[in-house]
Ligand code: AHR
């Protein structure tokens, strides 16, 4: 048996899933150094945030099932979903969009539900939406889920609300009034009375407000200078009601340094009263097929996903030219792999897709990137929570499952609020041929190219919280496990617990029929002195929790 085959067999050894790494440190092919005394910054829990848009099956069928539904619910909100969100310590949820936000009038979504107007949904002209009948809520919005329902959803899930305002099609006064509706004290304003009539006398104290969404595109097709003017106008003199309002400005699409530079240059010269708390970044990785892909497609997607790190660095540098003290930090409020249609669990789920081990790997190393840049990234929102793009959950009517992304968030919750520390990864890189193929947007722009690339053999991040060191590691290799020696510099290992998300098939995913096809398992790592030994199985996401003495 060849070494490669041996590793594969041993790493996948049946359901017992016990990885006993030998203590032959000198022979380990991969090394990780964790520098416990080299802190980066505290990992903002909000990095583990979520995103829900009035799009396809996210709100209706996903979050909202209605009070009279036979599906277990709390005031109309899917009960199983909030239970799972509590389990992963969901810190913040973004709503109502996305592109939908800049077409949404919040006043349509308050007051008695049976009196709320029906409106045309932003996504009505999407190809998938066009196939749906005209009575579908995906095309014509019933407004059953509005501000009160969203805030209740957040409260039930123990998350903070993050509301994206409509900058494109509503005036600034309407934004002031939305803040007034949410935050003005009980009995103080007419809007506070409307809120109280719905059963919520106490103010919601919403802190996070997005000032538009993708203002360079669906949010208004602004130039950076125009957007900067709008940002200043919308955020000047909004009543605070004692709440520390945190504005998130609409930042760059992927690596658009020009948009960032021009906005910050303008902001520097014409200082807003409220500089942005956050600068949003959107970075989707794109391909066509969610399930029907080969080894090279998987590596190409992984490679594409690693671009998030460069984007963070580029934005940070561009912002730092003008914002020297780095008052504004990054909010990556949309990210994840995005494929063409065909694997959604119901035709009403526009942009719904299956989530495989491949997606869990991209999601995991994206979270590792955020951890490694904890001083730069103050929030991130995986797009989207349920039934859309890179979801943690899939649901239709009374059927509900978690995807492998949920397992990633569950494992990585240990990083929330911990101190990120430097970790260096050395592992043989993965060489592959990156063939440009059509993605969900169409054929490759530069024509079909084929380029040799190298992908890092192991990727991950580390954090320390008191005596607990958490190390999360992705092995993107599709066939080879990585026998690894981990040196904990500046700490002694008292005990180690390992949890692994892995499968023998990169296409593995959960279905309503097989809800636990992919799930986490405990594994065994060996620790002694300041060294831990572990074999990271092929195509896996692992968490090592080390107790330091
Ligand atoms: O998440 C789907 C869409 O992608 C969002 O509405 C928009 O902001 C982005 O382009």
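In our numbering, the protein residues as written are 466 to 1014.
Just so you know, even glycine gets a beta-carbon here, dropped at the ideal spot from N, CA and C.
If you're wondering where the values come from, they're calculated on a predicted model, not measured in any experiment.
Residue i (DSSP reduced to helix, strand or coil)
i: residue 885; result: strand
i: residue 977; result: coil
i: residue 1008; result: strand
i: residue 574; result: helix
i: residue 683; result: coil
i: residue 568; result: helix
i: residue 491; result: Any reading at residue 491 must be qualified, since the residue scores a pLDDT of 42, below 50, and its modelled position is unreliable; no value is offered.
i: residue 631; result: coil
i: residue 853; result: coil
i: residue 768; result: helix
i: residue 793; result: coil
i: residue 959; result: strand
i: residue 709; result: coil
i: residue 919; result: strand
i: residue 968; result: coil
i: residue 699; result: helix
i: residue 779; result: helix
i: residue 785; result: helix
i: residue 665; result: coil
i: residue 945; result: coil
i: residue 471; result: Residue placement at residue 471 is poorly supported in this model, since its pLDDT is 28, which falls under 50; the coordinates are not used for a value here.
i: residue 411; result: Residue 411 falls outside the range modelled here, since the chain spans only 466 to 1014, and no answer is possible.
Any non-hydrogen atom of the ligand AHR closer than 7 Å to residue i Cβ
i: residue 759; result: no
i: residue 409; result: Here the chain comprises residues numbered 466 to 1014, so residue 409 is not present and cannot be evaluated.
i: residue 809; result: no
i: residue 845; result: no
i: residue 751; result: no
i: residue 816; result: yes
i: residue 850; result: no
i: residue 840; result: no
i: residue 747; result: yes
i: residue 520; result: yes
i: residue 854; result: yes
i: residue 606; result: no
i: residue 799; result: yes
i: residue 678; result: yes
Residue i classed as buried or exposed, judged by whether at least 16 other C-beta atoms fall within 10 angstroms
i: residue 646; result: buried
i: residue 775; result: exposed
i: residue 489; result: The predicted model places residue 489 with a pLDDT of 35, which falls under 50 and marks its position as unreliable; any figure quoted below should be read in that light. Residue 489 comes out exposed.
i: residue 985; result: buried
i: residue 529; result: buried
i: residue 883; result: buried
i: residue 748; result: buried
i: residue 1005; result: buried
i: residue 941; result: buried
i: residue 618; result: buried
i: residue 1009; result: buried
i: residue 739; result: buried
i: residue 994; result: exposed
i: residue 907; result: exposed
i: residue 802; result: buried
i: residue 486; result: In this prediction, residue 486 has a pLDDT of 37, which is less than 50 and means its spatial position is unreliable; what the coordinates show is noted afterwards. Answer is buried; the Cβ neighbour count reaches 16.
i: residue 702; result: exposed
i: residue 631; result: buried
i: residue 977; result: exposed
i: residue 566; result: buried
Within 8 Å, strictly: CB atoms of residue i and residue j
i: residue 836; j: residue 508; result: yes
i: residue 513; j: residue 874; result: yes
i: residue 922; j: residue 936; result: no
i: residue 667; j: residue 651; result: yes
i: residue 793; j: residue 742; result: yes
i: residue 517; j: residue 574; result: no
i: residue 523; j: residue 850; result: yes
i: residue 817; j: residue 521; result: yes
i: residue 712; j: residue 700; result: yes
i: residue 675; j: residue 685; result: no
i: residue 965; j: residue 975; result: no
i: residue 1024; j: residue 1007; result: Lying outside 466 to 1014, the shown extent of the chain, residue 1024 is not represented and no answer is given.
i: residue 1012; j: residue 951; result: no
i: residue 805; j: residue 905; result: yes
i: residue 934; j: residue 767; result: no
i: residue 745; j: residue 788; result: no
Bridge partner(s) assigned by DSSP for residue i
i: residue 998; result: 950 and 991
i: residue 749; result: 801
i: residue 558; result: 515 and 626
i: residue 928; result: 885 and 935
i: residue 723; result: Per DSSP, none; premise fails for residue 723.
Contact with chain D by residue i, beta-carbon distance below 8 Å
i: residue 912; result: Looking at the structure shown, chain D is missing, and only one protein chain is on hand.
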